[in-house]
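A.B. asks:
Residue numbers (the UniProt record's numbering): 1 to 333.
(1) Which class does residue 36 belong to by DSSP, given the choice of helix, strand or coil?
(2) Please say whether residue 278 and residue 258 have beta carbons closer to each other than 7 Å?
(3) Give me, in chain order, the residues of the same chain whose beta-carbon lies closer than 6 Å to that of residue 23; leave out the 5 immediate sequence neighbours on both sides.
(4) Less than 7 Å separating the beta-carbons of residue 219 and residue 236?
(5) If you pair each beta-carbon of the region 222-231 with each one of the region 94-112, do three or more pairs fall below 8 Å?
(6) With a 10 Å radius around its C-beta and 16 neighbouring C-beta atoms as the bar for buried, classify residue 312 as buried or exposed.
(7) Quick check on the DSSP output: what are the complete alpha helix (DSSP H) runs of length 4 or more inside the region 193-281, in order along the chain?
(8) Rounding to the nearest angstrom, what Cα-Cα distance links residue 113 and residue 172 in this structure?
(9) DSSP three-state call for residue 126: helix, strand or coil?
(10) Helix, strand or coil, according to DSSP, for residue 314 in the structure here?
(11) By the DSSP assignment, the alpha helix (DSSP H) with residue 115 in it spans what residues?
(12) Check each candidate in 40, 81 and 33 and name the one with the smallest Cα separation from residue 67.
(13) Can you list, in chain order, the residues of its chain with a C-beta nearer than 8 Å to that of residue 335? Leave out the 5 residues immediately preceding and following it.
(14) Looking at the secondary structure, which residues open and close the beta strand (DSSP E) in which residue 171 lies?
(15) I need the straight-line Cα distance from residue 38 to residue 30, nearest angstrom please.
(16) Which word fits residue 69, buried or exposed, when buried means at least 16 other C-beta atoms lie within 10 angstroms of its C-beta?
(17) Three Cβ pairs or more, each shorter than 8 Å: is that satisfied between the region 237-248 and the region 263-271?
(18) Would you call residue 216 buried or exposed, if buried means 16 or more other Cβ atoms sit within 10 Å of its Cβ?
(19) Put residue 191 into one of helix, strand or coil per three-state DSSP.
(20) Indicate the three-state DSSP secondary structure (helix, strand or coil) for residue 43 in the structure shown.
(21) Do you know offhand how far residue 294's Cα is from residue 93's?
(22) By the DSSP assignment, the alpha helix (DSSP H) with residue 66 in it spans what residues?
(23) State the DSSP-derived secondary structure class of residue 134, mapped to helix, strand or coil.
(24) Between residue 71 and residue 315, what straight-line distance do the alpha-carbon atoms span, to the nearest angstrom?
(25) Can you give the Cα-Cα distance for residue 157 and residue 104, rounded to whole angstroms?
(26) Relative to the alpha-carbon of residue 36, which residue among 214, 182 and 111 has its alpha-carbon at the smallest distance?
(27) Any heavy atom of the ligand SAM inside 6 Å of the beta-carbon of residue 92?
(28) Around the Cβ of residue 193, are there at least 16 other Cβ atoms within 10 angstroms (buried) or fewer (exposed)?
Right, here's the structure in full:
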């Protein structure tokens, strides 16, 4: 009984974690989710929260998913699966609207499902004869307001009316050919965006095989500055393997800035070809560095994780004589 009372006292020493702390921990778990697994993490998180599940409101989850999506270049897809849009700071008009660069338009996105949704339109009320229009003015939410819709559509038109548009289209075509040759079928979505008089090239690659316990993504963001003809970029990747364990490899590599060399800067096709060629070289160099790392892991990384020599302080001799000697010590029944 005394031991039971002591255990009970120990339990009472633990204070209940406040909701804001639970939310911070839950947000960290969700933001750390490996590719294709955030829904599973959310499901487990709801179970862990138990009676505190109420802190994960739809509004809070939408904000968390929004941040996760744009940080990891997630892809929003329409119902038919034909339209795919990269969610990123470069393509974002506002928290709900994103540029669909290939179709030169913008779409509405629901972040927690990563689905492209139809933009709701609220009809204006009819005005009776002899009445002032202001008498019939009704407040509408920003998500359904016609004026708001017109505003983001206007911003969309501005995005595709730049003097760099011809170059953007040429890069888009060259990038499409590059993706077809270097990436697996339907594993990568791209976007070429004009922002701050620069060209942003986005590649979101993701391959999921959760039933075999692995998933991975490759995100590339390259920036081309026409005024200096300089190309630079960043590649982020994360691979997760979780059969009977939990192994993750995450890395971020910077592609060294390179100045493009071409004879005629007005020849957008030539500029685009050179740009994508240099982009491909940068990605290949990063891929090669990963392969070198894999080959050297046995001698470098794993070497520190195992015993250098056996207890005898002698390297194991696997010759036949040694094996025969070992057999001699076996006691025959």
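The C-beta atom is built at its ideal place from N, Cα and C for all residues, glycine as well. All values reported here derive from a predicted model rather than from experimental measurement.
C.D. replies: With the given structure in hand:
(1) What you label residue 36 is simply residue 36 of the chain shown in a count that begins at 1. The answer is coil: DSSP assigns residue 36 none of H, G, I, E or B.
(2) Working through the chain shown from its first residue, we reach residue 258 at position 258. Working through the chain shown from its first residue, we reach residue 278 at position 278. In this structure, the beta-carbon distance from residue 258 to residue 278 falls below 7 Å.
(3) Walking along the chain shown from the start, residue 23 turns up at place 23. Answer for residue 23: 55, listed in chain order.
(4) Numbered from 1 along the chain shown, position 219 holds the residue referred to as residue 219. Numbered from 1 along the chain shown, position 236 holds the residue referred to as residue 236. Yes, the Cβ-Cβ distance between residue 219 and residue 236 is below 7 Å.
(5) Of all C-beta pairs linking the region 222-231 to the region 94-112, fewer than three are shorter than 8 Å, placing the two stretches out of contact.
(6) Within the chain shown, residue 312 is the residue found at index 312, counting from 1. It is exposed - the Cβ of residue 312 has fewer than 16 other Cβ atoms within 10 Å.
(7) Within the region 193-281, no complete alpha helix (DSSP H) run reaches 4 residues.
(8) Start at 1 with the first residue of the chain shown, and residue 113 comes out as number 113. Start at 1 with the first residue of the chain shown, and residue 172 comes out as number 172. The straight-line gap separating the alpha-carbon atoms of residue 113 and residue 172 is approximately 27 Å.
(9) Locating residue 126 in the chain shown gives position 126, where the first residue counts as 1. Legend: pLDDT at residue 126 = 45, less than 50; position of this residue unreliable, no value from coordinates given.
(10) As a first step, residue 314 is located in the chain shown; it is residue number 314 there, counting from the start. Under the three-state reduction of DSSP, residue 314 is assigned to coil, being neither helix nor strand.
(11) As a first step, residue 115 is located in the chain shown; it is residue number 115 there, counting from the start. Counting along the chain, residue 115 sits inside no alpha helix (DSSP H); it lies in the beta strand (DSSP E) bounded by residues 115-117.
(12) As a first step, residue 67 must be located in the chain shown, where it is residue number 67. 33 is the residue among 40, 81 and 33 whose C-alpha sits nearest the C-alpha of residue 67.
(13) Given that the chain is displayed from residue 1 to residue 333, the structure contains no residue 335 and the question cannot be resolved.
(14) As a working note, residue 171 is residue 171 in the chain shown. Annotation for residue 171: no beta strand (DSSP E) segment contains it, though the alpha helix (DSSP H) segment containing it runs 165-182.
(15) Along the chain shown, one-based indexing puts residue 38 at 38. Along the chain shown, one-based indexing puts residue 30 at 30. Whole-angstrom Cα-Cα distance: 6 Å.
(16) Mapped onto the chain shown, residue 69 falls at position 69. Buried.
(17) No, they do not touch.
(18) Position 216 of the chain shown holds residue 216. Classification of residue 216: buried, given that the 10 Å Cβ count is 16 or more.
(19) Walking along the chain shown from the start, residue 191 turns up at place 191. Residue state, collapsed to three classes: strand.
(20) For the purposes of this step, residue 43 is identified with residue 43 of the chain shown, where counting begins at 1. It is helical.
(21) Start at 1 with the first residue of the chain shown, and residue 294 comes out as number 294. Start at 1 with the first residue of the chain shown, and residue 93 comes out as number 93. Computed Cα separation, rounded: 40 Å.
(22) On the chain shown, position 66 is the one that residue 66 refers to. Start and end: 58-71.
(23) Here residue 134 refers to the residue found at position 134 when the chain shown is read from its first residue. Annotation note: pLDDT 43 at residue 134 (below 50); position unreliable, no value reported.
(24) In the chain shown, residue 71 corresponds to position 71, counting from 1. In the chain shown, residue 315 corresponds to position 315, counting from 1. Going by the C-alpha atoms only, they are around 49 Å apart.
(25) In the chain shown, residue 157 corresponds to position 157, counting from 1. In the chain shown, residue 104 corresponds to position 104, counting from 1. Approximately 8 Å between the Cα atoms of the pair.
(26) The count along the chain shown starts at 1 and reaches residue 36 at position 36. Of 214, 182 and 111, the residue nearest in Cα terms is 214.
(27) No copy of the ligand SAM appears in this structure; indeed no ligand is present at all.
(28) Residue 193 sits at position 193 when you count from the first residue of the chain shown. By the 10 Å Cβ count, residue 193 comes out buried.
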